Each structure stands twice: as C-alpha cells, then as structure tokens.
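All remarks here apply to the structure that follows.
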Amino acid sequence: MTTRSVILGAGHYLPERVVPNAEFEKSLDTDDAWIRARTGIERRHFAAEGETTSDMGTAAARDALADAGLAPDDIDAIVVATSTPDLTFPSVATMIQNKLGMTRGFAYDVQAVCAGFVFALTNANGLILSGQARRVLVIGAETFSRIMDWEDRTTCVLFGDGAGALVLEAQELTGTNADRGILASDLNSDGRQKDILYVDGGVSSSQTTGFLRMQGKEVFRHAVEKLAQTAHNALAKIGMTGDDVDWIVPHQANLRIIKGTASRMGVPMSRVIVTVQDHGNTSAASIPLALSVAWKCGHIVKNDVIVTEAIGGGLAWGSVVLRW
C-alpha cells in the first residue's frame, strides 16, 4: 500500500466586479480586438476596495470545504500560494486560518508567482507523504490588480484577481497509476531569468510595493518550451505520456501559450481546460480556479488523469500529474 494525496473537494471565488476589455479603451491606446488577438482574454475580475487576498482565499477555502463535506477543524494544515499578500507578514495562510475559525494545525505561504500553486500542491503532498498532516487545504489567491502600472498596456490588461482551493486527504492505495491523488510532480527554477518578469519594488530594496514588469516575448519563448518539457518530465516519472491524459489544466496566462504547449505535448485543445477568456491571468490562483470551475460544471469527473503546469517569475516552473 502507498499513501496518496487524494482530492476531496475544490472551490473558488471571484470578485463581483467584472472588467471587460472595452474598459481599458478609456485610458489606454488599446481595444478589445487587440487584447483578444494577443492574449485570448475577454474579461477579468478586480477585487473591490478593501477586499484582500486573504478575504478571497477564505471564500475559496469555504467553498472547497463545503464541496468536501468538511469543517475547518478537520484540516491539519493550510498552504497558500500568493505573491500579493495582505501584509508583509504575517502570512495570508494564518489570516485565512483565523477567518475560517480553525483552531488547530498550522498554516504558511509559498511564493513562486504564477507557478505558486504547483509548488504549493507539491509541498502539501510532501506534508501528507511525510505524515506531518492528514488533510491539507491548498489555496492560490491573488490581487494582482494592486501591482499594475495602469499606463503600461502590455501588462495591465493581462491580469485579474481571484482565488481557488483544493482539499487533499491522505489515503492508503495500491501504489499504481490507477490510484486517485497526486501521482508525480516536477519543479524547476532559473534565477538568471529574473529580469524578464518581476516587480520593481520590495521591502528591503525600495520600501515600496512596486509594479509588475515583463518582457513579453521572452516570457512567451520560455513558457512554451519549459511548460511542455516539465509536463513530459512529470509524466515520464510514472511511465505515462500525453495519450494517457484526460485533461491539461494549465496556468491561464495567455491563450497562445496554452495552445503552443498543448501542441508540443501532442494533446488536442479539446482536452485542455481554458478559462483565461473569463478570468485573465490570476497568477497562483489560475490553476485552482480552472480546476474548480471545470469540476463544478462537470468537465472534470472522478478518475480523470490531469496535468497541471505553470511558469512564473524567477523564473520558476513545474507540473503535477494527478488522478481526480
């Protein structure tokens, strides 16, 4: 028998305010057709004034717990992936722990930008496999609208706010690829590529929040190559290929990147979950958001084999193979 981290429930939250592409036409030299053609994005959600990353993460967590039929104190640990915390410290995870009324266990944040949820999911899996926790709430939550330069049309039209969450539970299974749960993962980073995607502020450098800066063409080039490779690497660890995959649930950054990655993996777009048109790039929240939406609308069903993959600033990138 082998311990597996099995998904018990999924949930998500999106702010009420929906921002269509046309809204940017009022202040930028851009239009709906330009944004759709280059990104596939049609609209995104922005957090309300006073609405924080921990607020959204808490709402997504409650939705996931309800889906799993669990209460907050049934959870042993919370791992939150975010690059836009409410405060420098304490962690968003401990704030969510408090807002849920969870009086036991432990909570902490993971920061790997858009790859954050893949890193957090792998981290949570490690907690379960080591026996440190039996049930883990894994959350991706972001308010990227707070770090946008609204005069930079190449970046500010790309991002949105939101949160998604999964509940994992340790279960003793056969140890084969037929098991439900996390089957394999692959994590990577390359700090030499810092300058192609970063925020130009921080506590110890400028004592400011800063704005997101990106070299779009360079990020695109790295993304398609590295995302396909990390997915292949994770699948190879368990003797699987793209033919064994029911769904790719990629980081929702750009439709052209999603299509390019699927093509390199030999997987048709009919087996790719795409939500970027409705949410934009929600960074660490994008994969759990897409998983939850696909689960709740019936696209994903139990026992589906899923590959998630993402790349973010650092550069950091990785993938997880799981059976739902």
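So our numbering is basically just the index in the sequence shown, starting at one, shifted up by 201.
For every residue, glycine included, the Cβ atom is placed at its ideal position computed from N, Cα and C.
From a predicted model like this one, the values you see are computed outputs, not experimental measurements.
Using DSSP's beta-bridge definition, name the partner residues of V220.
Paired residues: R245.
In whole angstroms, what is the alpha-carbon distance linking D255 and I208?
Residue identity check: residue 255 is Ser in the sequence provided, not Asp. Roughly 22 angstroms separates the two Cα atoms.
Which one of V508, M296, T476 has the shortest CA to CA distance from N434?
Nearest C-alpha to N434: V508.
Less than 7 angstroms between the beta carbons of R205 and G382, yes or no?
Going by C-beta atoms, R205 is nearer than 7 angstroms to G382.
Measuring CA to CA, which of D401, T203, A223, I397 is closest to I329?
That would be T203, whose Cα lies nearest to the Cα of I329.
Rounded to a whole number of angstroms, what is the C-alpha to C-alpha distance between A282 and E226?
Distance between the alpha carbons of A282 and E226 is about 32 angstroms.
Does the contact criterion of 3 or more C-beta pairs under 8 angstroms hold for the segment 340-348 versus the segment 481-493?
Segments in contact, yes.
What are the complete beta strand (DSSP E) segments, minimum 3 residues, inside the segment 364-419?
Counting whole runs of 3 or more residues, the segment 364-419 contains the beta strand (DSSP E) stretches 382-390, 398-400, 413-415.
Can you tell which of R393, G376, I474, V314 has the C-alpha that lies nearest to the C-alpha of A385?
When each option's Cα is compared against that of A385, the closest is G376.
Please classify M470: is it buried, with 16 or more other beta-carbons within 10 angstroms of its beta-carbon, or exposed?
Classification of M470: exposed, given that the 10 Å Cβ count is below 16.
Buried or exposed, going by whether 16 or more other CB atoms sit within 10 Å of the CB of T259?
That one is buried.
Identify the residues that DSSP records as bridge partners of R336: which are they?
In DSSP, R336 forms a bridge with E370.
Within 10 angstroms of its Cβ, does L367 collect 16 or more other Cβ (buried), or is it exposed?
Counting Cβ neighbours within 10 Å, L367 comes out buried, since at least 16 surround it.
Run through the segment 424-486 for me and flag every whole alpha helix (DSSP H) of 4 or more residues, listed as ranges in chain order.
The segment 424-486 contains these whole alpha helix (DSSP H) runs: 456-466, 477-480.
Relative to the C-alpha of G212, which candidate in A495, T323, V521 has its C-alpha closest?
The residue with the shortest Cα to Cα distance from G212 is A495.
Quick test of the definition: if touching needs 3 or more C-beta pairs under 8 angstroms, does the segment 472-483 touch the segment 272-281?
Result no; under three Cβ-Cβ pairs closer than 8 angstroms.
So the alpha helix (DSSP H) A234 belongs to, where does it begin and stop?
Start and end: 233-240.
For D230, count neighbouring C-beta atoms within 10 Å of its own C-beta (all shown protein chains included) and say buried if the count is 16 or more, exposed if not.
With fewer than 16 Cβ atoms within 10 Å of its Cβ, D230 is classed as exposed.
Go through its chain and collect everything with a Cβ distance to V404's Cβ below 7 angstroms, but skip five positions before and after it.
If we look at V404 and ignore the five residues flanking it on each side, its Cβ neighbours are T289.
For S520, which of helix, strand or coil comes out of DSSP?
Three-state result, S520: strand.
Going by DSSP, what residues sit across from V280 in a beta bridge?
Answer is Y309, V339.
Of all the options A432, D444, D445, which has the alpha carbon lying nearest to the alpha carbon of I459?
Among A432, D444, D445, the Cα nearest to that of I459 is on A432.
Starting from L209, trace the alpha helix (DSSP H) both ways and give me its first and last residue.
Element bounds for L209: not the alpha helix (DSSP H) but the beta strand (DSSP E), 203-214.
DSSP state of F290, grouped into three classes?
Here F290 sits in coil by DSSP.
CA-CA distance, R347 and T410?
Distance between the alpha carbons of R347 and T410: 9 angstroms.
DSSP state of E510, grouped into three classes?
Reduced to three states, the DSSP call for E510 is strand.
Okay, do the segment 283-302 and the segment 437-452 touch, 3+ Cβ pairs below 8 angstroms being the bar?
Flag = no, the segment 283-302 and the segment 437-452 do not touch.
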